[in-house]
Amino acid sequence: MLSTRGYATRGATLPFEPFSFNRREPRPHDVLIEIMYCGVCHSDIHTARNEWGGTRYPLVPGHEIVGRVVSVGSEVTRFATGDIAGVGCFVDSCRECDSCRAGEEQYCERHLMMTYNSLEDGGKTPTYGGYSSQIVVDENYVLTIPDNLPLEGVAPLLCAGITTYSPLRRFNVGAGQRVGVVGLGGLGHMAVKLASAMGAHVTVLSTSNSKESDARRLGADDFVLTRDPKNLKPLAGQLDFIIDTVSAPHDLNVYLDLLKRRGSMVLVGVPPEPAAVAAFSLIGKGRVLAGSKIGGIRETQEMLQYCGEHGITSDVEVIPIQDIESAYERTIKGDVRYRFVIDMKSL
Ligand code: NAP
Ligand code: ZN
Ligand code: ZN
Numbered sequence: 134m135l136s137t138r139g140y141a142t143r144g145a146t147l148p149f150e151p152f153s154f155n156r157r158e159p160r161p162h163d164v165l166i167e168i169m170y171c172g173v174c175h176s177d178i179h180t181a182r183n184e185w186g187g188t189r190y191p192l193v194p195g196h197e198i199v200g201r202v203v204s205v206g207s208e209v210t211r212f213a214t215g216d217i218a219g220v221g222c223f224v225d226s227c228r229e230c231d232s233c234r235a236g237e238e239q240y241c242e243r244h245l246m247m248t249y250n251s252l253e254d255g256g257k258t259p260t261y262g263g264y265s266s267q268i269v270v271d272e273n274y275v276l277t278i279p280d281n282l283p284l285e286g287v288a289p290l291l292c293a294g295i296t297t298y299s300p301l302r303r304f305n306v307g308a309g310q311r312v313g314v315v316g317l318g319g320l321g322h323m324a325v326k327l328a329s330a331m332g333a334h335v336t337v338l339s340t341s342n343s344k345e346s347d348a349r350r351l352g353a354d355d356f357v358l359t360r361d362p363k364n365l366k367p368l369a370g371q372l373d374f375i376i377d378t379v380s381a382p383h384d385l386n387v388y389l390d391l392l393k394r395r396g397s398m399v400l401v402g403v404p405p406e407p408a409a410v411a412a413f414s415l416i417g418k419g420r421v422l423a424g425s426k427i428g429g430i431r432e433t434q435e436m437l438q439y440c441g442e443h444g445i446t447s448d449v450e451v452i453p454i455q456d457i458e459s460a461y462e463r464t465i466k467g468d469v470r471y472r473f474v475i476d477m478k479s480l
């Protein structure tokens, strides 16, 4: 077993602390990665605080992982020692169901093994995430990283990047379309960069007055402060597509009303409580309300290539792991510009 250092929380209201655990010895198809950077996703916070239920403690979160390959199993063909590699939200799946065969492993119908808070080895060992020194992953679930991008800004692409890229592609977002991005945090700022690179006219819908100049710098054409409902009036029936990245309870109907005839809104944010949707918000203009979860390995690789070609990375604030508690508090307050990324040298 490989002795590994990390940071874990042992309960929903307990602080993070140093934690030692074992990773499996690399198998023939495994890659051992020394972790350099790990992004802090709001899903880490929901899970650490058991807001969705089902958290296993001790929990080592982190699923926006970039690092260096330090050894490879005997059958590995896609990676060599010294390569830079990435790991996202899941580390294995059944590989046989319809979703896995379609390259949409994130919707695996049998067993999607998440990077943390899942069980491996036939249900015996918890998976531990990227707030740690190293990780062992089957090469089929490891991503190749473009060589022209700063690695601390690449880490968030492994979750925030693919989670926004995938629905933008699925709904054919592009030039001539008006796109709304609800919430300018980790996911939201990636949605702005990607939708704007794809040629769409982007409007940020935010509760934070202080984010307007950043929104425009990131590529938005318009900014609407949603705290005052009258600011939304001129946008009624104007947008082709909305991506909702909000992590806390909010009224979906307010945003559905901004869609054109047959416009679509996709939910990627996961507030712990269900939302109420008025049927009239949808049927009046034949609107679509959809959901989307991360993206498959193939599409994640495509997204990384797209970001390499367009020079897109996340805007990050790099922190030592000892600052994880204050990073969580600031993220919850919406005070994030626009992703905290842990420098694993601090571990
Ligand atoms: P984040 O960085 O905290 O951003 C969320 C943003 O939502 C905030 O910056 C804020 O933006 C807005 N917001 C927060 N509280 C709000 C409230 N009460 N009312 C209205 N707006 C509010 O979080 P994230 O990492 O981007 O993640 C966002 C959500 O997506 C989380 O629920 C996370 O679990 C989920 N997620 C889903 C997937 C998936 O596969 N579907 C993948 C990753 C994450 P403003 O200041 O601009 O209002
Ligand atoms: Zn995430
Ligand atoms: Zn499957």
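Residue numbering for the sequence shown follows my numbering, beginning at 134 and increasing consecutively.
Glycine included, C-beta positions come from ideal geometry on N, C-alpha and C.
Buried or exposed: which applies to residue i, given that a residue is buried once 16 or more other Cβ atoms fall within 10 Å of its Cβ?
i, result
"residue 172", "buried"
"residue 169", "buried"
"residue 134", "exposed"
"residue 147", "exposed"
"residue 322", "buried"
"residue 157", "exposed"
"residue 466", "exposed"
"residue 221", "buried"
"residue 390", "buried"
"residue 333", "buried"
"residue 394", "exposed"
"residue 254", "exposed"
"residue 360", "exposed"
Based on the DSSP output, what are the partners of residue i in its beta bridges?
i, result
"residue 139", "152, 265"
"residue 449", "472"
"residue 259", "252"
"residue 167", "201, 267"
"residue 336", "313, 355"
"residue 331", "According to DSSP, which records beta bridges pairwise, residue 331 is partnered with nothing at all."
"residue 397", "374, 421"
"residue 218", "200, 277"
"residue 246", "225"
"residue 192", "142"
"residue 392", "372"
Rounded to whole angstroms, what's the CA-CA distance from residue i to residue j? Just pull it up for me.
i, j, result
"residue 193", "residue 416", "43 Å"
"residue 138", "residue 454", "12 Å"
"residue 468", "residue 208", "45 Å"
"residue 215", "residue 269", "15 Å"
"residue 311", "residue 162", "44 Å"
"residue 141", "residue 398", "36 Å"
"residue 211", "residue 263", "21 Å"
"residue 250", "residue 368", "41 Å"
"residue 175", "residue 196", "11 Å"
"residue 432", "residue 149", "33 Å"
"residue 464", "residue 452", "13 Å"
"residue 153", "residue 230", "35 Å"
"residue 318", "residue 471", "6 Å"
"residue 458", "residue 473", "11 Å"
"residue 299", "residue 274", "17 Å"
"residue 237", "residue 252", "20 Å"
"residue 377", "residue 295", "15 Å"
"residue 290", "residue 418", "34 Å"
"residue 284", "residue 440", "12 Å"
"residue 234", "residue 228", "7 Å"
"residue 117", "residue 302", "The structure shown does not extend to residue 117, since the chain spans only 134 to 480, so no value can be given for it."
"residue 410", "residue 428", "26 Å"
"residue 225", "residue 165", "15 Å"
"residue 381", "residue 267", "32 Å"
"residue 181", "residue 316", "22 Å"
"residue 383", "residue 434", "33 Å"
"residue 203", "residue 276", "15 Å"
"residue 260", "residue 143", "15 Å"
"residue 167", "residue 408", "40 Å"
"residue 371", "residue 297", "21 Å"
"residue 449", "residue 187", "30 Å"
In its own chain, which residues sit with a C-beta less than 7 Å from the C-beta of residue i, not counting the 5 before and 5 after it?
i, result
"residue 358", "339, 342, 364"
"residue 97", "One cannot answer for residue 97 here, as it falls past the ends of the chain, which runs 134 to 480."
"residue 206", "159, 160, 161, 162, 163"
"residue 243", "227, 230"
"residue 349", "356"
Go through its chain and collect everything with a Cβ distance to residue i's Cβ below 6 Å, but skip five positions before and after it.
i, result
"residue 461", "178"
"residue 426", "239"
"residue 374", "304, 306, 312, 397"
"residue 293", "319, 320, 323"
"residue 346", "none"
I'd like the list of long-range same chain contacts for residue i, defined as Cβ closer than 8 Å, with 5 residues on each side in sequence excluded.
i, result
"residue 353", "314, 325, 329, 335, 336, 337"
"residue 185", "179, 403, 405"
"residue 213", "202, 205"
Confirm the yes/no value for this check: CB of residue i, any heavy atom of ligand 5, distance under 7 Å.
i, result
"residue 242", "Absence of ligand 5 is noted for the structure shown, with ligand 1, ligand 2 and ligand 3 being the only ligands found."
Handout entry: Residues with C-beta closer than 5 Å to any heavy atom of ligand 2, in chain order
Key = 174, 176, 292
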